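Adding 18 to a residue's 1-based position in the sequence shown gives its number in my numbering.
Backbone N, C-alpha and C define an ideal beta-carbon position, used for all residues, glycine too.
All values reported here derive from a predicted model rather than from experimental measurement.
Input: a single structure, listed below in C-alpha coordinates.
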Amino acid sequence: SLYINSPGGSVSSGLAMYDTMQFIKPDVSTLCMGMAASMGAFLLAAGAKGKRLALPNSRIMIHQPLGGARGQASDIEIQAREILYLRERLNTVLSEVTGQPVDKIARDTDRDNFMSSEQAKEYGLIDQVIAKR
19 SLYINSPGGS
29 VSSGLAMYDT
39 MQFIKPDVST
49 LCMGMAASMG
59 AFLLAAGAKG
69 KRLALPNSRI
79 MIHQPLGGAR
89 GQASDIEIQA
99 REILYLRERL
109 NTVLSEVTGQ
119 PVDKIARDTD
129 RDNFMSSEQA
139 KEYGLIDQVI
149 AKR
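Structure, rendered in C-alpha coordinates:
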(Lines of atoms letter the chains of each structure in order from A and count residues from 1; the text may use other names and numbers.)
(Lines give C-alpha, C1' and ligand atoms only; values in the text may rest on other atoms or scores of the structure.)
Protein backbone atom coordinates (compact mmCIF):
# COMPACT_ATOMS: atom_id res chain seq x y z
CA SER A 1 0.00 0.00 0.00
CA LEU A 2 1.11 3.52 -0.79
CA TYR A 3 -0.38 6.21 1.46
CA ILE A 4 -0.16 9.60 -0.23
CA ASN A 5 -0.26 13.07 1.33
CA SER A 6 1.99 14.98 -1.03
CA PRO A 7 2.26 18.31 -2.83
CA GLY A 8 4.24 16.51 -5.55
CA GLY A 9 7.89 16.37 -6.38
CA SER A 10 10.52 15.36 -8.87
CA VAL A 11 9.27 13.91 -12.16
CA SER A 12 12.25 11.56 -12.48
CA SER A 13 11.78 10.23 -8.94
CA GLY A 14 8.05 9.86 -9.51
CA LEU A 15 8.58 7.94 -12.75
CA ALA A 16 11.05 5.66 -10.95
CA MET A 17 8.34 4.93 -8.36
CA TYR A 18 5.76 4.40 -11.14
CA ASP A 19 8.06 1.96 -12.96
CA THR A 20 8.68 0.07 -9.72
CA MET A 21 4.93 -0.13 -9.02
CA GLN A 22 4.43 -1.68 -12.46
CA PHE A 23 7.45 -3.98 -12.14
CA ILE A 24 6.77 -5.68 -8.81
CA LYS A 25 4.38 -8.62 -8.65
CA PRO A 26 2.08 -7.56 -5.80
CA ASP A 27 -0.66 -5.07 -6.59
CA VAL A 28 0.05 -1.62 -5.17
CA SER A 29 -3.01 -0.04 -3.61
CA THR A 30 -2.93 3.74 -3.30
CA LEU A 31 -4.74 5.89 -0.74
CA CYS A 32 -4.88 9.68 -0.75
CA MET A 33 -5.21 11.23 2.67
CA GLY A 34 -5.11 15.00 2.57
CA MET A 35 -3.62 15.92 -0.78
CA ALA A 36 -2.21 14.22 -3.84
CA ALA A 37 -0.91 16.94 -6.13
CA SER A 38 1.23 16.83 -9.24
CA MET A 39 3.40 13.69 -9.13
CA GLY A 40 1.47 12.63 -6.01
CA ALA A 41 -1.73 12.53 -8.10
CA PHE A 42 0.10 10.67 -10.87
CA LEU A 43 1.20 7.96 -8.43
CA LEU A 44 -2.27 7.82 -6.85
CA ALA A 45 -3.79 7.11 -10.26
CA ALA A 46 -1.07 4.56 -11.07
CA GLY A 47 -2.20 2.19 -8.32
CA ALA A 48 -3.78 -1.16 -9.12
CA LYS A 49 -7.22 -0.89 -10.73
CA GLY A 50 -9.91 -1.22 -8.09
CA LYS A 51 -7.41 -0.35 -5.35
CA ARG A 52 -7.02 3.41 -5.88
CA LEU A 53 -8.71 5.13 -2.95
CA ALA A 54 -9.14 8.56 -1.39
CA LEU A 55 -10.59 9.79 1.87
CA PRO A 56 -13.65 12.05 1.52
CA ASN A 57 -11.96 15.41 2.17
CA SER A 58 -8.86 14.77 0.10
CA ARG A 59 -7.85 17.10 -2.71
CA ILE A 60 -6.29 15.85 -5.92
CA MET A 61 -4.50 18.16 -8.36
CA ILE A 62 -3.12 17.41 -11.81
CA HIS A 63 -1.07 19.72 -14.03
CA GLN A 64 1.71 19.66 -16.58
CA PRO A 65 5.30 19.25 -15.37
CA LEU A 66 7.04 22.35 -14.10
CA GLY A 67 10.57 23.31 -14.90
CA GLY A 68 12.98 26.09 -15.55
CA ALA A 69 16.13 26.43 -17.52
CA ARG A 70 19.10 28.74 -17.41
CA GLY A 71 22.16 28.95 -19.54
CA GLN A 72 22.95 29.25 -23.20
CA ALA A 73 20.15 29.19 -25.76
CA SER A 74 21.15 25.71 -26.93
CA ASP A 75 21.01 24.38 -23.35
CA ILE A 76 17.58 25.94 -22.82
CA GLU A 77 16.40 24.33 -26.06
CA ILE A 78 17.57 20.91 -24.81
CA GLN A 79 15.70 21.39 -21.53
CA ALA A 80 12.57 22.55 -23.38
CA ARG A 81 12.59 19.41 -25.54
CA GLU A 82 12.96 17.26 -22.43
CA ILE A 83 10.07 18.85 -20.53
CA LEU A 84 7.85 18.55 -23.62
CA TYR A 85 8.77 14.86 -23.84
CA LEU A 86 7.96 14.38 -20.15
CA ARG A 87 4.62 16.17 -20.53
CA GLU A 88 3.69 13.84 -23.40
CA ARG A 89 4.80 10.75 -21.44
CA LEU A 90 2.88 11.75 -18.30
CA ASN A 91 -0.23 12.55 -20.34
CA THR A 92 -0.04 9.16 -22.06
CA VAL A 93 0.18 7.29 -18.76
CA LEU A 94 -2.64 9.36 -17.23
CA SER A 95 -4.76 8.56 -20.28
CA GLU A 96 -4.06 4.83 -19.86
CA VAL A 97 -4.91 4.76 -16.15
CA THR A 98 -7.97 7.04 -16.28
CA GLY A 99 -9.50 6.05 -19.60
CA GLN A 100 -9.60 9.72 -20.64
CA PRO A 101 -8.40 10.65 -24.16
CA VAL A 102 -4.87 12.07 -24.30
CA ASP A 103 -6.11 15.35 -25.77
CA LYS A 104 -8.51 15.80 -22.82
CA ILE A 105 -5.68 15.07 -20.37
CA ALA A 106 -3.53 17.66 -22.16
CA ARG A 107 -6.27 20.29 -21.89
CA ASP A 108 -7.07 19.43 -18.28
CA THR A 109 -3.42 19.58 -17.19
CA ASP A 110 -2.57 22.84 -18.96
CA ARG A 111 -3.05 24.64 -15.63
CA ASP A 112 -3.50 23.46 -12.03
CA ASN A 113 -6.68 21.37 -11.95
CA PHE A 114 -7.94 20.71 -8.42
CA MET A 115 -10.56 18.04 -7.75
CA SER A 116 -12.49 16.67 -4.81
CA SER A 117 -12.33 12.94 -4.13
CA GLU A 118 -15.67 12.46 -5.90
CA GLN A 119 -14.51 14.45 -8.92
CA ALA A 120 -11.29 12.41 -9.06
CA LYS A 121 -13.40 9.25 -9.04
CA GLU A 122 -15.57 10.52 -11.90
CA TYR A 123 -12.41 11.45 -13.82
CA GLY A 124 -10.92 7.98 -13.34
CA LEU A 125 -7.98 8.95 -11.14
CA ILE A 126 -9.31 6.80 -8.29
CA ASP A 127 -11.79 3.95 -7.97
CA GLN A 128 -13.41 4.62 -4.62
CA VAL A 129 -13.93 7.27 -1.96
CA ILE A 130 -13.78 5.60 1.45
CA ALA A 131 -14.85 6.86 4.86
CA LYS A 132 -14.58 3.61 6.85
CA ARG A 133 -12.65 0.37 6.62
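| On the three-pair Cβ rule with 8 Å, is the segment 69 to 88 touching the segment 33 to 43? | no
| message | On the criterion of 16 or more Cβ atoms from any shown chain inside 10 Å, does Asp93 qualify as buried, or is it exposed? | response | exposed
| message | Using a Cβ-Cβ cutoff of less than 6 Å, which residues in the same chain neighbour Gly58 once the five nearest sequence positions on both sides are dropped? | response | Ile22, Ser24 and Gly26
| message | Suppose the cutoff is 6 Å on Cβ atoms and the five residues either side in sequence are ignored; what does the same chain contact list for Ser135 look like? | response | Ala72, Pro74, Ser76 and Val147
| query | If you compare alpha carbons, which of Met79, Asn109 and Ser28 is closest to Ala55? | reply | Met79
| query | Among the residues of its own chain, which have a CB less than 7 Å from the CB of Gly32, if the five just before and after it don't count? | reply | Met57, Phe60 and Leu61
| query | Going by Cα to Cα distance, which pick from Gln90, Ser19 and Tyr103 is closest to Ser30? | reply | Tyr103
| Would you call the CB atoms of Ala66 and Val46 closer than 8 Å? | yes
| task | For Leu143, count neighbouring Cβ atoms within 10 angstroms of its own Cβ and tell me buried if that reaches 16, exposed if not. | result | buried
| query | If you compare alpha carbons, which of Ala149, Tyr141, Ala87 and Leu20 is closest to Leu112? | reply | Tyr141
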